[in-house]
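One structure is given here, and the rest of the page talks about it.
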Amino acid sequence: MTHRTDTTTRIENVSRRNFLGTMLSAGAMILAVRCGVTEEAFDPKDIPAESAAFNPDVFLGIEPDGAVYIVAHRSEMGTGSKTSLPMIVADELGADWNKVVIQQAIGDPKYGDQNTDGSRSIRWFYSVMRETGATARMMLEQAAANRWGVPAAEVKTELHEVVHDGKRLGFGELVADAAKLDAPAKDALHFKDPSEYSYVGHEMPVDDLDDICTGAAVFGQDFQLDGMVYCSIEHAPALGGKVVSYDDKAALEQWGVEQTVELPAFTPPHVFQALGGVAVIANNTWSAFEGRKKLKIEWDLGANAAYNSDSYKRDLQKTARRKGKVVRDVGNVDREFRKGGKVLEAEYYVPHLAHAPMEPPAAVADYKDGKVTIWSCTQNPQAVQDAVSASLGIEKSDVTAHVTLLGGGFGRKSKPDYCCEAALLSRELGKPVKVAWSREDDIQFDYFHAVAALYLKARLGGDGKPTAWLQRSVFPPIGSTFAEGTTYAGAGEMGMGFSDVPFDIPNHRAENGPAPAHVRIGWMRSVANIYHAFAVHSFLDELAHAAGRDPAEYLLDVLGEDRHIDLTAQGVDYPNMGGPIEEYPLDTGRLRAVIERARDESGWGKRELPKGHALGIAAHRSFLTYVANVVEVAVDDAGTITIPRVDTVVDAGLTVHPERCRAQFEGAAVFGASLALMGEITATGGKIDQSNFHDYPVARIHQAPQQVNVYMIENDHPPAGIGEPGVPPFAPALTNAIFAATGKRIRELPLSKHSLA
Amino acid sequence: MVKLTVNGVEREFDGDPQIPLLWYLRDILSLTGSKFGCGMGLCGCCTVHLDGTPARSCVTPLEGLEGKSVVTIEALSADGSHPLQAAWRENNTPQCGYCQPGQIMQAAGLLADKPSPSDEDIDSSMQGNICRCGTYQRIRASIHQAAKEMA
């Protein structure tokens with residue numbers, strides 16, 4: 001993973017170029033922003049100077065009637081970033097929000113990173129949005145100052161007007177003049193004081209709220225084109241399986257079915273290719289689904305037909321008991337363990353999980369004359385361009401990737417295999433095609449969250465604190481999806497709550513063992529933090545009880561003095577989620593502060609709890625954000641678990657939309673409850689055993705935490721992640737609470753496998 | 758031939774009457790406000806009103822709907838002003854929004870039945886509607902708010 005940088009971002013006045021055919025008129029003032037914010041090493045000289053002119057998408061346009069168009073270049077899947085990012089632009093500009101129109105971007109490398117995951121929309125683009133708004137504001141100010149014959153420094157913008165000493169000019173009146181000015185240089189930009197902001201930091205309705213509540217919002221599954229056919233694809237039951245032969249006679253007799261098409265199996269590594277299989281084409285989705293049921297297919301299941309998750313689990317656990325590849329080594333744990341005394345060991349296990357967004361993946365493709373246009377619920381329209389161009393053997397620039405709203409993503413929709421399927425079928429059939437995945441397709445052919453086995457061992461000193469700590473993590477890595485045969489984790493996965501455990505322990509070693517993948521492995525909301533946080537924070541709670549200490553006080557004690565931990569100096573390959581370490585240090589003081597606040601807000605040790613109720617605590621830094629959770633659990637005599645209350649304290653630095661931030665942490669508690677209580681994907685003979693919400697349940701309203709209180713700590717640290725960091729500390733806080741309530745230690749998820757009666 | 762009323766408009770369908778109402782609405786009438794989430798009546802995304810009562814349209818074949826009246830989220834109110842829609846907006850209830858039409862239609866059925874529901878009533882009526890984003894506590898608050906508004 002490379003560090004993000006925005007030093008190459010360029011903002012240009014492109015008003016005089018031809019933007020006919022866009023939403024903007026010939027008289028508009030238009031700023032193009034070429035973002036240097038990307039995951040890859042990037043040279044601004046690589047961007048064609050005229051790219052904005054050839055591809056008429058821009059970041060900001062102001063019409064002579066005053067309408068302000070702001071391009072949303074990230075995907076909206078529920079975090080609110082489609083609203084939050086334009087809020088920053090509008091505030092710096094001084095725009096009236098009622099005159100702002102948000103326009104969803106297509107995929108284009110000039111926007112920099114568009115992969116809406118990794119909890120980075122705000123943390124990577126806050127500065128770019130401010131600069132864009134400030135650039136336009138200063139041009140409008142200059143235009144007004146010229147007209148009035150006063151210094152530009154004396155004028156300012158207020159609610160869509162430039163003002164000076166009682167004089168006012170609306171943005172629209174200034175557009176023609178401002179469009180003729182050069183954009184100010186980056187180092188000449190000046191910014192508003194945050195106290196002047198009307199939108200950032202305030203509660204704002206999200207852009208699509210009205211449409212969502214009336215059913216007018218268009219998601220990927222909803223998109224339609226005239227003359228479009230509907231396709232559903234039967235994939236090989238095991239990853240890498242191939243069609244030997246098939247009989248579609250009965251399928252073709254199904255009302256509405258028009259034909260079938262065989263899609264070839266992919267050639268490894270998988271990346272985001274179409275899986276292959278047999279597609280049924282119909283004049284409606286249901287007929288395509290029904291036709292599929294009537295196919296008779298003989299499969300060559302391939303090598304992964306030997307995959308059984310039960311025996312695989314035992315293999316992972318065996319590996320975790322052996323020494324692995326060392327990823328962090330402080331002091332000498334072996335020498336310390338040889339001293340004997342109070343030594344504890346524990347093993348933890350978290351199964352495969354499926355993302356299960358409410359909207360199963362879907363894409364519409366229209367292939368014509370060597371070019372293809374895609375409309376899909378994608379988290380990453382540039383990945384759609386890359387994957388589809390590779391599938392069809394056409395240029396990336398010949399793939400136009402539109403982004404609909406996403407009915408949830410959670411990382412699944414960063415992987416555009418379904419877009420490749422639609423594109424291949426549209427080329428084959430010569431007409432627009434919709435590929436709609438069923439729920440069964442979604443669960444059985446996911447890019448699964450990795451199954452993980454963990455082993456932890458610690459020696460306690462005379463004061464009860466650990467003097468040595470050994471941790472091992474073994475899971476099939478995400479790298480296996482991109483390079484066949486990858487068995488060891490990447491530094492990114494290790495850096496998710498494993499190589500960066502922030503405890504003050506003099507002898508500390510972290511190891512990773514190898515694990516081969518037999519299904520597609522992908523990133524799911526919070527990624528490797530999920531199993532790492534579960535094991536690490538459960539084990540710490542075990543040590544607290546072994547030492548006879550209060551878990552919250554013990555956690556603070558083991559965290560140690562407030563300090564910035566320099567993992568690089570310890571020899572750790574630590575990408576810090578793309579955050580420069582000088583801007584985003586691993587700061588135990590901030591972690592301490594959220595723990596103390598959560599302890600106090602939850603009434604830890606003070607609140608009277610009914611019989612069967614207890615509290616558990618866990619705190620975790622991920623996606624550069626510090627989160628502490630106190631979960632209240634209630635376990636009745638029958639062993640039934642309910643979660644009456646969760647107190648979540650968050651330090652994510654500067655927040656743009658605090659209300660949507662709280663919503664993300666409310667939702668993260670529910671996502672965490674789903675995986676802790678009931679989430680489990682297993683495989684037999686290479687085939688996933690689960691298929692829909694009856695056997696892959698997720699938390700419903702009566703099972704989810706009943707009350708989640710979220711407290712956002714206000715400060716001016718750089719903005720950090722919001723979408724994901726709420727999930728990791730939930731499961732260990734819950735199982736620590738269950739231990740406090742029942743004396744039963746849960747070392748394997750989900751809880752549905754255990755009896756608490 | 759099946760004859761039914763959808764959002765006040767009389768409709769006729771002469772295809773395979775086994776087609777579930779959801780796909781008739783979405784793919785044939787292009788009323789895509791009712792969502793596809795599971796196809797088994799497990800998630801509630803597809804909830805519509807059938808003669809005034811919430812029903813899972815993904816498991817309701819058209820053949821049983823002769824003479825029935827279907828109302829979808831698009832016609833719950835003429836202008837999005839139903840007290841539930843207003844409360845949903847006021848509480849910023851949706852995250853991704855995909856399940857919310859089904860949630861709102863189910864909640865409208867609950868309030869028709871129980872104008873002033875308890876938390877338990879809400880949990881009991883709404884537990885067939887999954888929200889993967891986890892907006893349940895705002896759904897609960899919004900239902901209470903709409904109930905007060907309608908009282």
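Protein sequence lines, in the order shown, are assigned to chains A and B. The working numbering puts the first sequence at residues 1 to 757. The working numbering puts the second sequence at residues 758 to 908. Beta carbons: idealized from backbone N, C-alpha and C, even for Gly. Note that the structure is a prediction, hence the values are computed from the model and not measured.
Subject >> Contacts of F219 (chain A) in chain B (Cβ-Cβ under 9 Å) >> reply: As a first step, residue 219 (chain A) is located in the first sequence; it is residue number 219 there, counting from the start. Here the neighbours are T789, K792, C853, G854, Y855.
Original post:
In terms of residue numbering, what span does the alpha helix (DSSP H) encompassing T486 (chain A) cover?
Top reply: Translated into the one-based positions of the first sequence, residue 486 (chain A) becomes position 486. Unbroken run through T486 (chain A): none, as it is neither H nor E.
Original post:
What's the gap between the Cα of Q557 (chain A) and the Cα of G331 (chain A)?
Top reply: In the first sequence, the residue the question calls residue 557 (chain A) occupies position 557. In the first sequence, the residue the question calls residue 331 (chain A) occupies position 331. First, the amino acid is wrong: residue 557 (chain A) is Asp here, not Gln. Going by the C-alpha atoms only, they are around 19 Å apart.
**OP:** Determine the contact status of C213 (chain A) and Q842 (chain B), defining contact as a CB-CB distance below 8 Å.
**Re:** Along the first sequence, read from residue 1 onward, the residue named residue 213 (chain A) stands at position 213. Along the second sequence, read from residue 1 onward, the residue named residue 842 (chain B) stands at position 85. For C213 (chain A) and Q842 (chain B), yes; Cβs fall inside 8 Å.
Original post:
In terms of residues, what are the limits of the alpha helix (DSSP H) holding V68 (chain A)?
Top reply: For the purposes of this step, residue 68 (chain A) is taken as the residue at position 68 of the first sequence. No alpha helix (DSSP H) contains V68 (chain A), which is instead part of the beta strand (DSSP E) from 68-72.
Subject >> Interface flag, N232 (chain A) vs chain B, CB-CB below 8 Å >> reply: Working through the first sequence from its first residue, we reach residue 232 (chain A) at position 232. One detail in the question is off: residue 232 (chain A) reads as Ser in this sequence, not Asn. No - not a single Cβ of chain B is within 8 Å of the one on S232 (chain A).
Original post:
Below 8 Å, can you find three or more Cβ-Cβ pairs linking the stretch 706-721 of chain A to the stretch 504-521 of chain A?
Top reply: no
**OP:** Determine whether the Cβ of I776 (chain B) lies closer than 8 Å to any Cβ atom of chain A.
**Re:** One-based indexing of the second sequence puts residue 776 (chain B) at position 19. Interface residue, yes.
Original post:
Would the beta-carbon of K192 (chain A) be found less than 7 Å away from any heavy atom of the ligand ZN?
Top reply: Ligands in the displayed structure: none, and consequently the ligand ZN is not present.
**OP:** Assuming T157 (chain A) contacts G94 (chain A) (C-beta within less than 8 Å), just tell me the rounded distance between them.
**Re:** In the first sequence, the residue the question calls residue 157 (chain A) occupies position 157. In the first sequence, the residue the question calls residue 94 (chain A) occupies position 94. With 8 Å as the limit, T157 (chain A) and G94 (chain A) qualify as a contact, their Cβ atoms being about 3 Å apart.
Original post:
My guess is that V364 (chain A) and K431 (chain A) are in contact by the Cβ rule of under 8 Å, so how many angstroms apart are they, rounded?
Top reply: Counted from its first residue, the first sequence places residue 364 (chain A) at position 364. Counted from its first residue, the first sequence places residue 431 (chain A) at position 431. So it is not a contact: roughly 11 Å between Cβ atoms.
Original post:
Where does V420 (chain A) sit, in a helix, a strand or coil, going by DSSP?
Top reply: As a position in the first sequence, residue 420 (chain A) is number 420, starting the count at 1. A quick correction: the sequence has Cys, not Val, at residue 420 (chain A). DSSP places C420 (chain A) in helix when its eight states are reduced to three.
Subject >> Straight-line gap, K413 (chain A) to V218 (chain A) (C-alpha atoms, nearest Å) >> reply: Residue numbering aside, residue 413 (chain A) sits at position 413 when the first sequence is read from its first letter. Residue numbering aside, residue 218 (chain A) sits at position 218 when the first sequence is read from its first letter. Roughly 16 Å between the two C-alpha positions.
**OP:** For the stretch 887-904 of chain B, enumerate the residues whose C-beta is nearer than 8 Å to any C-beta of chain A, in chain order.
**Re:** I887, C888, R889, C890, G891, T892, Y893, Q894, R895, I896, R897
**OP:** Give me whichever residues DSSP pairs with T454 (chain A) in a beta bridge.
**Re:** The residue labelled residue 454 (chain A) in the question sits at position 454 within the first sequence. First, the amino acid is wrong: residue 454 (chain A) is Leu here, not Thr. Looking at the DSSP assignment, L454 (chain A) forms a beta bridge with A:Y348, A:S473.
Original post:
So what does A614 (chain A) bridge to, in DSSP terms?
Top reply: Locating residue 614 (chain A) in the first sequence gives position 614, counting from the first residue. DSSP lists A:V633 as partners of A614 (chain A).
Original post:
Taking the C-alpha atoms as reference points, what is the distance between L788 (chain B) and L353 (chain A)?
Top reply: Here residue 788 (chain B) refers to the residue found at position 31 when the second sequence is read from its first residue. Here residue 353 (chain A) refers to the residue found at position 353 when the first sequence is read from its first residue. Roughly 33 Å between the two C-alpha positions.
Subject >> Sufficient close CB pairs (3 or more, under 8 Å) joining the stretch 559-568 of chain A to the stretch 640-651 of chain A >> reply: no
Subject >> Where the stretch 815-831 of chain B meets chain A: residues whose CB sits under 7 Å from a CB there >> reply: T829, I830, E831
Original post:
What are the residues that DSSP puts in a beta bridge with W375 (chain A)?
Top reply: By one-based count along the first sequence, residue 375 (chain A) stands at place 375. The partner list for W375 (chain A) (beta bridge, DSSP) reads A:V364, A:H402.
Original post:
Is it the case that the Cβ atoms of T810 (chain B) and G891 (chain B) are separated by a distance below 8 Å?
Top reply: By one-based count along the second sequence, residue 810 (chain B) stands at place 53. By one-based count along the second sequence, residue 891 (chain B) stands at place 134. Cβ distance not < 8 Å, so T810 (chain B) and G891 (chain B) don't count as in contact.
Original post:
Thinking C-alpha only, which one of A:K342, A:D573, A:G409, A:G589 is nearest G461 (chain A)?
Top reply: On the first sequence, residue 461 (chain A) is found 461 positions in, with the first residue counted as 1. The residue with the shortest Cα to Cα distance from G461 (chain A) is A:K342.
**OP:** Output the residue ranges of the alpha helix (DSSP H) runs that lie fully inside the stretch 572-604 of chain A and measure 4 residues or longer, sorted by chain position.
**Re:** 588-601
Subject >> Residue burial classification, R120 (chain A) (beta-carbon count within 10 angstroms, cutoff 16) >> reply: Counted from its first residue, the first sequence places residue 120 (chain A) at position 120. Buried is the call here.
Subject >> Per-residue contacts from G743 (chain A) into chain B (C-beta, under 7 Å) >> reply: Reading the first sequence from its first residue, position 743 is the one you call residue 743 (chain A). Going along chain B, no residue has its Cβ under 7 Å from G743 (chain A), so there is no contact; the nearest lies around 29 Å.
Subject >> Supposed close pair G801 (chain B), I887 (chain B) - CB separation, criterion 8 Å >> reply: Here residue 801 (chain B) is taken as the residue at index 44 of the second sequence, counted from 1. Here residue 887 (chain B) is taken as the residue at index 130 of the second sequence, counted from 1. Confirmed, about 6 Å.
Original post:
Taking 8 Å as the CB-CB limit, is W836 (chain A) close to chain B?
Top reply: With chain A covering only 1 through 757, there is no way to say anything about residue 836 (chain A).
Original post:
So, is the C-beta of I681 (chain A) closer than 8 Å to a C-beta in chain B?
Top reply: Locating residue 681 (chain A) in the first sequence gives position 681, counting from the first residue. By this cut-off, I681 (chain A) is not an interface position.
Original post:
Would a check of beta-carbon distances place P205 (chain A) closer than 8 Å to chain B?
Top reply: Within the first sequence, the letter at position 205 stands for residue 205 (chain A). Closer than 8 Å: yes.
Original post:
Going along chain B in order, which residues have a C-beta closer than 7 Å to the C-beta of W255 (chain A)?
Top reply: By 1-based counting over the first sequence, the position of residue 255 (chain A) is 255. Simply G772, D773.
Original post:
In three-state terms, what does DSSP make of M524 (chain A)?
Top reply: Numbered from 1 along the first sequence, position 524 holds the residue referred to as residue 524 (chain A). Three-state result, M524 (chain A): coil.
Original post:
What whole-angstrom Cβ distance do G411 (chain A) and D117 (chain A) have, given they're in contact under 8 Å?
Top reply: One-based indexing of the first sequence puts residue 411 (chain A) at position 411. One-based indexing of the first sequence puts residue 117 (chain A) at position 117. Contact flag correct, Cβ pair sits at about 5 Å.
Subject >> Three-state secondary structure (DSSP) of E141 (chain A) >> reply: Along the first sequence, one-based indexing puts residue 141 (chain A) at 141. Correct three-state label for E141 (chain A): helix.
Original post:
Which term fits A306 (chain A), buried or exposed, when burial requires 16 or more other beta carbons within 10 angstroms of its beta carbon?
Top reply: To locate residue 306 (chain A), count along the first sequence from 1; it is residue 306. By the 10 Å Cβ count, A306 (chain A) comes out exposed.
Original post:
Taking contact to mean at least 3 C-beta pairs separated by less than 8 Å, is the stretch 368-382 of chain A in contact with the stretch 491-500 of chain A?
Top reply: no
Original post:
Just to confirm, are P729 (chain A) and A618 (chain A) a CB contact at a threshold of 8 Å?
Top reply: Taking the first sequence and counting its residues from 1, the one referred to as residue 729 (chain A) is at position 729. Taking the first sequence and counting its residues from 1, the one referred to as residue 618 (chain A) is at position 618. Yes, they are a contact pair.
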